[in-house]
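Notes for the one structure printed next.
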Amino acid sequence: MAVAKEIGSDATTVSDAQSCEKFSQYISDGMKRANMRAASRAQHVQKFIIIPRDFSIGGNELIPTMKVKRSVVEKMYKEEIEKMYTS
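Here the sequence shown stands for residues 0 to 86, where the numbers follow numbering that gives the first Met the number 0.
What follows is the structure, given as structure tokens:
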């Protein structure tokens with residue numbers, strides 16, 4: 000939550016950050032910068048959510064080399080992903 004002070008947010012928890020407009024704007028601005036460097040439109044980040052915890056090996060979202068287990072994450076956050084594309 001160190002970034003909270005940097006962006007002028009009062010958020011002290013991830014739950015606070017999930018509903019904080021300053022965090023949403025901070026992430027949106029970062030996405031815009033990343034998208035400007037993308038090689039193609041297919042590489043653009045278009046939607047995001049802030050999840051309540053970090054991915055971890057113990058949480059089964061990461062393998063020991065710290066790569067994301069996409070199929071596991073897709074199953075865990077299926078409802079959240081569907082909401083992003085239906086709203």
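Note that CB positions come from ideal geometry on N, CA and C, so glycine has one too. These numbers were taken from a predicted model, which means no experiment stands behind them.
For this session: Specify the secondary structure class of Val44 as computed by DSSP and reduced to three states.
Result: coil
Exercise. Buried or exposed: which applies to Glu60, given that a residue is buried once 16 or more other Cβ atoms fall within 10 Å of its Cβ?
Worked result: By the neighbour-count criterion, in which 16 or more other beta carbons inside 10 Å mark a residue as buried, Glu60 falls on the buried side.
Exercise. Buried or exposed: where does Ala38 fall if 16 or more other Cβ atoms within 10 Å of its Cβ makes it buried?
Worked result: exposed
For this session: Pull up the DSSP beta-bridge partners for Val67, would you.
Result: According to DSSP, which records beta bridges pairwise, Val67 is partnered with Leu61.
For this session: Pull up the distance between the alpha-carbon of Met0 and that of Val67, whole angstroms please.
Result: 22 Å
Problem set entry | Pairwise C-alpha distance: Arg40 and Ile49 | C-alpha separation (whole angstroms): 23 Å.
Exercise. Looking at the structure shown, is Asp9 part of a helix, part of a strand, or coil, going by DSSP?
Worked result: coil
Problem set entry | DSSP-derived helix/strand/coil call for Asp53 | coil
Problem set entry | Neighbourhood of Pro51 by C-beta, 8 Å cutoff - its chain only, sequence neighbours within 5 removed | Val13, Ser14 and Gln17
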